[in-house]
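Only one structure is covered here, and it is reproduced in the block below.
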Amino acid sequence: MRVLVVEDEKKVAAAVRRGLEAEGFTVDVALTGTDGKWLATENEYDVIVLDIMLPGINGFKLCAQLRELGIWTPILMLTAKDGDLDEAEALDTGADDFLRKPFSYVVLVARIRALLRRSSSAETSLTYEVGDLVLHPARHRCSRGDQEIKLTAREFAVLEFLMRRPGEVIAKLDILDNVWDFAFDGNPNIVEVYIGYLRRKIDDPFERKSIETVRGAGYRLVPDRG
Ligand code: CA
């Protein structure tokens with residue numbers, strides 16, 4: 003389990019690191035909001051512990067920015083004592099829980115474990131359904147009706163992106179930005195190629211047309227029950 007701690011008070015950060023490492027967590031520490039954002043977007047964490055008053059980007063802003071980037075790692079926000087307003091605001095910006103300073107490590111570890119339990123049960127039960135097409139990201143499974151469909155990791159990612167917004171027109175560049183590395187500088191027509199692969203797996207064998215091409219705009223996934 004990997005935890006990112008964003009906290010500018012070096013003593014607190016070091017103590018939190020020791021406490022969490024003693025519990026078996028792998029811990030990265032960022033001392034500024036800017037470093038925290040960089041680490042959170044470069045690596046995958048299971049939990050982020052986020053202080054509010056930080057140099058660079060403050061905790062509220064950082065939390066909101068990560069959510070905007072589509073990073074849904076559970077966030078435990080550290081608030082000042084008597085911070086009722088802080089707490090309301092923390093939850094408002096997309097934090098999952100908050101903990102008042104000063105806190106004990108026993109409570110910190112308990113809160114982190116609770117967040118981990120919550121997120122893993124939410125993740126494993128998450129499925130997308132469009133018509134009789136079903137996608138189960140945690141198990142990496144795709145099916146149409148009672149037929150299992152084998153997809154590569156990239157095909158799966160493209161389909162998952164479309165299934166998150168069924169019925170909406172999704173631009174090719176949107177798919178490219180989200181499914182391929184943001185530094186991808188190859189031919190954007192790679193998206194068309196993958197849409198072709200997907201059609202051959204999820205549509206053609208079932209005589210369906212669930213991935214529509216919207217000329218000049220992108221693609222739309224629609225329920226097609228045949
Ligand atoms: Ca601080």
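Here our numbering is used: the first residue of the sequence shown is 3, the next is one more, and so on.
Just so you know, even glycine gets a beta-carbon here, dropped at the ideal spot from N, CA and C.
Residue i in three-state terms, based on DSSP
i	result
residue 79	strand
residue 50	strand
residue 226	coil
residue 127	helix
residue 230	Residue 230 lies beyond the stretch modelled for the chain, which goes from 3 to 228, so this question has no answer here.
residue 145	strand
residue 73	coil
residue 43	helix
residue 91	helix
According to DSSP, residues forming a beta bridge with residue i
i	result
residue 215	221
residue 25	In DSSP, residue 25 forms no bridge with anything.
residue 187	DSSP, once it has assigned bridges, lists no residue as partnering residue 187.
residue 100	79
residue 109	Per DSSP, none; premise fails for residue 109.
residue 171	222
Residue i and residue j closer than 8 Å at C-beta
i	j	result
residue 222	residue 171	yes
residue 64	residue 101	no
residue 153	residue 103	no
residue 227	residue 213	no
residue 14	residue 47	no
residue 105	residue 146	no
Bounding residues of the beta strand (DSSP E) (the contiguous stretch that carries residue i)
i	result
residue 131	130–132
residue 6	4–8
Start and end residues, alpha helix (DSSP H) containing residue i
i	result
residue 150	No alpha helix (DSSP H) contains residue 150, which is instead part of the beta strand (DSSP E) from 149–151.
residue 178	174–181
residue 137	Per DSSP, residue 137 belongs to no alpha helix (DSSP H); it is in the beta strand (DSSP E), 135–138.
residue 165	155–165
residue 58	Counting along the chain, residue 58 falls outside any alpha helix (DSSP H), and DSSP gives it neither H nor E.
If you pair each beta-carbon of the region 4–11 with each one of the region 86–100, do three or more pairs fall below 8 Å?
Pairwise C-beta distances place the region 4–11 out of contact with the region 86–100, as fewer than three of them are shorter than 8 Å.
Quick check: the region 28–39 against the region 51–69, are there 3 or more CB pairs under 8 Å? Segments in contact, yes.
What residues does ligand 2 have around it, judged by CB closer than 6 Å to any heavy atom, in chain order?
Although ligand 2 was asked about, the structure shown includes only ligand 1 as ligands.
### Message
Assess contact between the region 126–142 and the region 185–195, defined as three or more Cβ pairs (one per stretch) separated by less than 8 Å. Is contact present?
### Response
Taking a cut-off of 8 Å on C-beta distances, the region 126–142 does not touch the region 185–195, as fewer than three cross pairs fall below it.
Could you say if the region 171–181 and the region 138–145 meet the contact criterion of at least three C-beta pairs nearer than 8 Å?
Touching, no, given that fewer than three Cβ pairs across the two stretches are closer than 8 Å.
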